[in-house]
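S.K.: Adding 1 to a residue's 1-based position in the sequence shown gives its number in the numbering used here.
Handing you this structure, nothing more for now.
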Amino acid sequence: MALVIPSIEALTPYEGGKPIEELARELGISDAVKLASNENPLGPSPRALEAARRVLGEANRYPDGAAYTLRAKLAEKHRVSMAEILLGCGSNEILDLAVRTFCTPAQHIVFGEPAFVVYRIVALASGVPFTAVPLTKLVHDLPAMAEAVRPETRVLFVANPNNPTGTHVGRAAVEKLLREVPPEVIIVMDEAYLEYAEAPDYPDSLALRGLRERLIVCRTFSKIYGLAALRVGYAIAPQFIIDYMNRVRAPFNVSTLAQVAATAAIDDLDHVRSSRELNQRERKRLSETLSARGLSVAPSQANFVLLDLGKPARPVYEALLRKGVIVRPFANLPSSLRVTVGTERENDRFLGALSEVMP
Ligand SMILES: Cc1ncc(COP(=O)(O)O)c(C=O)c1O
Numbered sequence: 002m003a004l005v006i007p008s009i010e011a012l013t014p015y016e017g018g019k020p021i022e023e024l025a026r027e028l029g030i031s032d033a034v035k036l037a038s039n040e041n042p043l044g045p046s047p048r049a050l051e052a053a054r055r056v057l058g059e060a061n062r063y064p065d066g067a068a069y070t071l072r073a074k075l076a077e078k079h080r081v082s083m084a085e086i087l088l089g090c091g092s093n094e095i096l097d098l099a100v101r102t103f104c105t106p107a108q109h110i111v112f113g114e115p116a117f118v119v120y121r122i123v124a125l126a127s128g129v130p131f132t133a134v135p136l137t138k139l140v141h142d143l144p145a146m147a148e149a150v151r152p153e154t155r156v157l158f159v160a161n162p163n164n165p166t167g168t169h170v171g172r173a174a175v176e177k178l179l180r181e182v183p184p185e186v187i188i189v190m191d192e193a194y195l196e197y198a199e200a201p202d203y204p205d206s207l208a209l210r211g212l213r214e215r216l217i218v219c220r221t222f223s224k225i226y227g228l229a230a231l232r233v234g235y236a237i238a239p240q241f242i243i244d245y246m247n248r249v250r251a252p253f254n255v256s257t258l259a260q261v262a263a264t265a266a267i268d269d270l271d272h273v274r275s276s277r278e279l280n281q282r283e284r285k286r287l288s289e290t291l292s293a294r295g296l297s298v299a300p301s302q303a304n305f306v307l308l309d310l311g312k313p314a315r316p317v318y319e320a321l322l323r324k325g326v327i328v329r330p331f332a333n334l335p336s337s338l339r340v341t342v343g344t345e346r347e348n349d350r351f352l353g354a355l356s357e358v359m360p
């Protein structure tokens, strides 16, 4: 008998951005810049760091499994009840829980292609069939996704803004999706990059909860809050959905450090504001500079840009690595690279290295 189910046999593990230390080990480059994982280049909020330092001495104790203080803070921020909030070890865990809690292999999942690769991984890991609906001109095609829904469909994922394209879907299209997809389906609006979006028609789907009962809104502290290493994200959904996911969640999934740092980070409005301003300024500069060089840049509402080089991107990725600049290639987008918006200095380093490897 096979050791694993066929979909796990076929699963390619998630490959994240290359760590700086790995490049140092492999190529002996000591001053690399990493623009590969959509992290906050300004670092964590100083207030979050201070809060985390204060609790290090309690590392012998298990965390508060119910994460009372952080959930209370989030409930206040979003004007929802604490019972409507679930914390995850990164929002990644929330995506996984949505599938493990609600789907069996007899059911079906819908997501976009290319979109966040974890949707595919969690479906394969649980052996749940899925339809990956192609994006249209690098934007989620919500009508086509709605059409892909079958009687067995249980979960539909939308990343807005999307990763790796950075593109967004507007309010009217999201409202139509929330209204028209059969009510049995749980729609997961994955808004990891929401804080970076500035398009006037970008919808905060928390404001659309009235349109649909089975809606999970997913957020993270890994991006604008700069806490990716601490692994904390959350879902906001009706209490009955949260209750079921809580049954499946590991008891101490969010560490004490993560809980206190995230709680403090919510109040650091200056850090969020300066992170957003840097991103808007540098995203615009990167996009304009790359477009002026004749490269095609997808319109981004996130903290990264996807550029199409018009030729195989892998050799360019490798040449950039040798210059100490780490970006992100994608097997399913063979002529594109995704570049996280860094500080001005980091972006200059990338732009300089790119003109050397692609004169
Ligand atoms: C669209 C999207 N959703 C979710 C995540 C998961 O982030 P985390 O698990 O760090 O919260 C990412 C990470 O890159 C992402 O791009």
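Backbone N, C-alpha and C fix where the C-beta goes; we use that ideal spot for every residue, glycine too.
So, at 7 Å on beta carbons, what are the nonlocal neighbours of Gly-128 in its own chain, with the 5 sequence-adjacent residues on each side left out?
M.R.: Ile-6, Ser-8, Pro-106
S.K.: By the DSSP assignment, the beta strand (DSSP E) with Asp-309 in it spans what residues?
M.R.: Per DSSP, the unbroken beta strand (DSSP E) holding Asp-309 starts and ends at 305 to 309.
S.K.: Pairing CB atoms from the segment 39 to 50 with CB atoms from the segment 261 to 274, are three or more of them under 8 Å?
M.R.: With the cut-off at 8 Å, the segment 39 to 50 and the segment 261 to 274 touch.
S.K.: Is Met-359 helix, strand or coil by DSSP?
M.R.: Reduced to three states, the DSSP call for Met-359 is coil.
S.K.: Going by DSSP, what residue range makes up the alpha helix (DSSP H) through His-272?
M.R.: 270 to 293
S.K.: Indicate whether Val-306 and Leu-88 have their beta-carbon atoms separated by less than 8 Å.
M.R.: no
S.K.: Return the chain-ordered list of same chain residues with a C-beta closer than 7 Å to the C-beta of Arg-350, the five sequence neighbours on each side being excluded.
M.R.: Val-34, Val-326
S.K.: Bridge partners of Leu-334, per DSSP?
M.R.: The bridge partners DSSP lists for Leu-334 are Phe-331.
S.K.: Between the segment 286 to 296 and the segment 22 to 34, can you find at least three pairs of beta-carbon atoms closer than 8 Å?
M.R.: no
S.K.: Buried or exposed for Pro-360, please, with buried defined as at least 16 other CB atoms from any protein chain shown within 10 angstroms of its CB.
M.R.: With fewer than 16 neighbouring CB atoms inside 10 Å of its own CB, Pro-360 falls in the exposed class.
S.K.: Using the Cα positions of Asp-32 and Ala-53, report the straight-line distance between them to the nearest angstrom.
M.R.: 28 Å
S.K.: Could you spell out the range, first to last residue, of the alpha helix (DSSP H) harbouring Phe-103?
M.R.: 91 to 103
S.K.: In the DSSP assignment, what are the bridge partners of Gly-113?
M.R.: Val-134
S.K.: Ala-116: buried (16+ other C-beta within 10 angstroms of its C-beta) or exposed?
M.R.: Within a 10 Å sphere around the beta-carbon of Ala-116 sit 16 or more other beta-carbons, which makes this residue buried.
S.K.: So does Phe-241 have its beta carbon nearer than 7 Å to some heavy atom of ligand 1?
M.R.: no
S.K.: Got a sec? Which residues, its chain only, sit under 6 Å from Thr-70 by beta carbon, not counting five neighbours each side?
M.R.: Thr-264
S.K.: What residue range does the beta strand (DSSP E) around Ile-187 cover?
M.R.: 187 to 191
S.K.: Would you call Val-1 buried or exposed, if buried means 16 or more other Cβ atoms sit within 10 Å of its Cβ?
M.R.: The requested residue 1 does not occur in the structure, where the chain is confined to residues 2 to 360.
S.K.: So what does DSSP say about Thr-13, is it helix, strand or coil?
M.R.: For Thr-13, the three-state secondary structure derived from DSSP is coil.
S.K.: Which term fits Glu-192, buried or exposed, when burial requires 16 or more other beta carbons within 10 angstroms of its beta carbon?
M.R.: buried
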